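Everything on this sheet refers to the single structure shown next.
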Amino acid sequence: MDAVFIGCVKSSEIFLKKLCELDINIVGVITKEQSNYNSDFADLSILCRENGIDYIFTENINDKDCVTYIEDKKPDIIFCLGWSQLVKQQILKIPKRGTVGFHPAALPYNRGRHPLIWALALGLQETASTFF
440 MDAVFIGCVK SSEIFLKKLC ELDINIVGVI TKEQSNYNSD FADLSILCRE
490 NGIDYIFTEN INDKDCVTYI EDKKPDIIFC LGWSQLVKQQ ILKIPKRGTV
540 GFHPAALPYN RGRHPLIWAL ALGLQETAST FF
């Protein structure tokens, strides 16, 4: 199975490492070169170079260059974990089998950046994670 991976934080790095161990062909990674607002930023380009995975940097997942990059990779699936922008339909419809995304909150509640911090700040007694 050919996959494109989107992410830029520590949990993204952990998940990408696991995908590399499985029988999934990571054909491309979209990440950020650096991030001043992600306190848990992880440089995925290091892992990509170690595993011979093609990658690009972006600040906007929905820009034309990202769409073209994903289209050219012809993925069966996209994994999106640890990205702080909504991925638009133009990208979601590209993979043959679909897109798997993760957000550490019970969507649509607590959507946006830093949902765990907000859960604490709001005094929530429980929270959840959403796969979509």
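Per the numbering used here: the sequence shown = residues 440 to 571. Every residue gets a Cβ at the ideal spot worked out from N, C-alpha and C, and that includes glycine. All values derive from a computational prediction rather than experimental measurement.
With burial defined as no fewer than 16 other Cβ atoms inside 10 Å of the residue's Cβ, what is the status of residue i: buried or exposed?
i, result
"F571", "exposed"
"K471", "buried"
"P534", "buried"
"S451", "buried"
"P514", "buried"
"N549", "buried"
"E521", "The residue you asked about is not Glu; residue 521 is Gly in the sequence shown. Under this definition G521 is a buried residue."
"A481", "buried"
"A442", "buried"
Taking the alpha-carbon of residue i as reference, which of the options has the nearest alpha-carbon?
i, options, result
"I553", "K527, T538, G491 and D479", "The amino acid occupying residue 553 in the given sequence is His; Ile does not appear at that position. It is D479."
"I445", "E489, R488, E460 and F496", "F496"
"N490", "T507, C505, L455 and I500", "L455"
"R536", "I516, S484 and P547", "I516"
"V468", "L483, L461, E460 and D462", "L483"
"E416", "Q473, A481 and L486", "The first residue shown for the chain is 440 and the last is 571, placing residue 416 beyond what the model contains."
"K527", "Y494, G562, P547 and C505", "C505"
"A544", "Q564, Y494 and K532", "Q564"
Going by DSSP, what residue range makes up the alpha helix (DSSP H) through residue i?
i, result
"C519", "Counting along the chain, C519 falls outside any alpha helix (DSSP H), though it belongs to the beta strand (DSSP E) covering I516 to L520."
"G571", "According to the sequence as given, residue 571 is Phe; it is not Gly. Looking at the DSSP string, F571 is not in any alpha helix (DSSP H), and its letter there is neither H nor E."
"L531", "Q528 to L531"
"I500", "I500 -> no alpha helix (DSSP H), and no H or E assigned at all."
"A560", "P554 to A560"
Going by DSSP, which residues form a beta bridge with residue i?
i, result
"A442", "I465 and I516"
"I495", "I469"
"F480", "V448"
Check the C-beta distance from residue i over to residue j and give it rounded, since I have them as a contact under 8 Å.
i, j, result
"K512", "V448", "Between V448 and K512 the Cβ distance is about 22 Å, and since that is not below 8 Å, they are no contact."
"L458", "F518", "7 Å"
"A558", "T566", "5 Å"
"I556", "Q524", "Rounded, the Cβ-Cβ distance is 18 Å, inconsistent with contact."
"I509", "I492", "Actually they are not in contact, since the Cβ atoms of I509 and I492 sit about 14 Å apart, beyond 8 Å."
Determine the extent of the beta strand (DSSP E) in which residue i is found, giving its start and end residues.
i, result
"F541", "G537 to H542"
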